[in-house]
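Enquirer:
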Amino acid sequence: MARYNPFEEAYDLLMAHFGPQHWWPADSPFEVMVGAVLTQNTSWDNVRKAIDELRANGLLSFPALSSCAPEEIALCIRASGYYNLKAKRLKNLLELIVVDYGGDLDRFLADDLQQARERLLAVKGIGPETADSILLYACNHPVFVVDMYTHRVFSRHNLLPEECDYHTIQEIFVTNLPCDTQLYNEYHALVVRVAATYCKKTKPLCGQCPLQGLNL
DNA sequence: CACCAGGCAAGTA
DNA sequence: TACTTGCATGGT
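If you read the first sequence in our numbering, its first letter stands for residue 14, the second for the next number, and so on.
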């Protein structure tokens, strides 16, 4: 039986402090995919405004967004920043569904993890975090999502080195945690929550952080 | 006013 | 390979 380790302990502390986060904040897998692109280096408040605007224009479905010109998408997602770039990235993602899955979103959602991840990463504008967010929160694959917050929170608590790339961080977590979609879902959401609450970039340390209770 | 926010790709040397 | 730059809005 596996030993209790700091990464499991951190999860228990975060869960005890914050409770379940009920991620991803979206009404459908397609909305998750759109949000995953829009939230690149962008606050969720701004992303929500953009998504609301897409919804108001009836564009929050694969067929609707597919038949929409990038210029019109850009207008809707203005609030999320980088709007021309992200309109193009959304189009690239939609094109993947058309080319590799015959325009059938459900086929993409049901594809196996390795193939779906390879294909996502081949899309211009989809990097490791965006791909893994889609795989976990839209497809329900057991993928541990890493982001800036993951690195900041855990390096500050000396559980990760200062210099550590995406794949290395991901490996550390998956080798120290059971492979479980629901666990990974809740874990990443809790990391975002604790970072937003107690681990801001400008504030070096916070005594209120529940991870201060880590027993190392 | 400066800085930050759930990245990624392209350019340079 | 390793470092830099562009992309852009809205909140603090």
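Ideal Cβ positions, reconstructed from N, Cα and C, are used throughout, including at glycine.
State the DSSP-derived secondary structure class of Cys81, mapped to helix, strand or coil.
Expert: coil
Enquirer: So, are the CB atoms of Val166 and Val111 less than 8 Å apart?
Expert: no
Enquirer: What is the rounded straight-line gap between the Cα of Thr194 and the Cα of Trp36?
Expert: Answer to the nearest angstrom: the Cα atoms are 12 Å apart.
Enquirer: Phe43 and Ser74 look like a contact to me (Cβ under 8 Å); what is the Cβ gap, rounded to whole Å?
Expert: 6 Å
Enquirer: Kindly indicate which residue of Glu21, Leu27 and Arg16 has the alpha-carbon position closest to the one of Gly211.
Expert: Reading off the sequence, residue 211 comes out as Tyr, not Gly. When only C-alpha atoms are compared, the closest one is Leu27.
Enquirer: Since Ala151 and Val60 are thought to touch, with beta carbons under 8 Å apart, how far apart are those beta carbons, to the nearest angstrom?
Expert: Actually they are not in contact, since the Cβ atoms of Ala151 and Val60 sit about 15 Å apart, beyond 8 Å.
Enquirer: Would you call Ser41 buried or exposed, if buried means 16 or more other Cβ atoms sit within 10 Å of its Cβ?
Expert: exposed
Enquirer: Would DSSP call Asn18 helix, strand or coil?
Expert: coil
Enquirer: Measure the beta-carbon distance from Cys192 to Pro155 and round it to whole angstroms, keeping in mind my assumption that it falls under 8 Å.
Expert: 5 Å
Enquirer: I think Gln34 touches Ala208, with their Cβ atoms under 8 Å apart; what is that distance to the nearest whole Å?
Expert: Actually they are not in contact, since the Cβ atoms of Gln34 and Ala208 sit about 12 Å apart, beyond 8 Å.
Enquirer: Starting from the N-terminal side, write out each stretch of the alpha helix (DSSP H) that is 4 residues or longer and does not extend beyond the segment 70–133.
Expert: 75–79, 83–89, 96–114 and 118–123
Enquirer: Using only alpha-carbon positions, find the residue among Ser56, Glu199 and Lys99 that is nearest to Ala29.
Expert: Glu199
Enquirer: I'd like the span of the alpha helix (DSSP H) that includes Ala49, first residue to last.
Expert: Pro42 to Leu51
Enquirer: Considering just the uninterrupted stretch of the alpha helix (DSSP H) at Phe157, what are its terminal residues?
Expert: That residue, Phe157, is in no alpha helix (DSSP H); it is neither H nor E in DSSP.
Enquirer: So Asn189 is in the alpha helix (DSSP H); what residue range does that whole segment cover?
Expert: Tyr179 to Asn189
Enquirer: By the three-class DSSP mapping on this structure, what secondary structure does Val136 have?
Expert: In the structure shown, Val136 sits in coil (DSSP, three-state: anything other than H, G, I, E or B).
Enquirer: Where do the N-terminal and C-terminal ends of the alpha helix (DSSP H) with Thr143 fall, by residue?
Expert: Following the DSSP letters along the chain, one finds Thr143 inside the alpha helix (DSSP H) bounded by residues Pro141 to Tyr150.
Enquirer: Residues in its own chain within less than 8 Å of Tyr197 by CB, not counting five upstream and five downstream?
Expert: If we look at Tyr197 and ignore the five residues flanking it on each side, its Cβ neighbours are Leu149, Pro155, Val156, Phe157, Val158 and Leu190.
Enquirer: Mind checking whether Ala87 and Ala100 have CB atoms under 8 Å apart?
Expert: yes
Enquirer: Verify whether the separation of the beta carbon atoms of Arg91 and Leu109 is less than 8 Å.
Expert: Their beta carbons are not under 8 Å apart, which means Arg91 does not touch Leu109 by this criterion.
Enquirer: By DSSP, does Ser56 sit in helix, in strand, or in coil?
Expert: coil
Enquirer: For a test of the three-state rule: what should DSSP assign to His201, helix, strand or coil?
Expert: helix
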